[in-house]
Amino acid sequence: MSDAPILGPVNLVSDRESAGDFEKKHAPYIDVDEVDEGLLVTVTVGWDVPHPNQPDHYITWIEIFAGDAPIARFDLSPVATAPVVSVVVNVDPGTVVRAVEHCNLHGLWATEVTV
Ligand SMILES: [Fe+2]
2 MSDAPILGPV NLVSDRESAG DFEKKHAPYI DVDEVDEGLL VTVTVGWDVP
52 HPNQPDHYIT WIEIFAGDAP IARFDLSPVA TAPVVSVVVN VDPGTVVRAV
102 EHCNLHGLWA TEVTV
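Taking my numbering, I'd label the letters of the sequence shown as residues 2 to 116.
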């Protein structure tokens, strides 16, 4: 079981450019592409600085919110999966899409984009 707080404070990284490697390693990176069915949202943890993916240190889950509403959740296993997830969403223009991830050692991290 993880020592990291499941319901602890969320580290929201709003300025990726000035973030350090520790923040870049954990802050989800959100990519949004228009597709026929809606918006394809892809969330990558470790996009510019790779995050460890071993049994003793890994990303346990990624959640996606539209505003305050949870709309998708992915539970991950170390080694066998990479912390990269995609889902097609249908939301109104101007909606804030937030990705939250949980590292078993370093807690909760979030990034937001307006679509
Ligand atoms: Fe970590």
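From the three backbone atoms N, C-alpha and C, an ideal C-beta is built for every residue, glycine too. Just so it is clear, the structure is predicted and the values come from calculations on it, not from any experiment.
In this structure, H58 has its CB closer than 7 Å to one or more heavy atoms of ligand 1.
Using a Cβ distance threshold of 8 Å, A73 and I65 count as a contacting pair. Looking at D37, V80, K26, the one whose alpha-carbon comes closest to that of N54 is V80.
D49 sits in coil when the DSSP states are folded into three classes, being neither helix nor strand. Set against 7 Å, the gap from the CB of L106 to the closest heavy atom of ligand 1 is smaller. Not one heavy atom of ligand 1 lies closer than 7 Å to the C-beta of H103.
Nearest in C-alpha terms to E113, of all of I31, V11, G9, is I31.
Spatial neighbours of P56 in its own chain (CB-CB distance under 6 Å, excluding positions within 5 residues in sequence) are listed in chain order as P79.
One alpha carbon belongs to V46, the other to V98, and they sit about 16 Å apart. Spatial neighbours of W110 in its own chain (CB-CB distance under 6 Å, excluding positions within 5 residues in sequence) are listed in chain order as N12, H27, A28, E102. Residues of the same chain with a CB within less than 7 Å of the CB of F75, apart from the 5 flanking positions on each side, are W62, I63, V86 in chain order.
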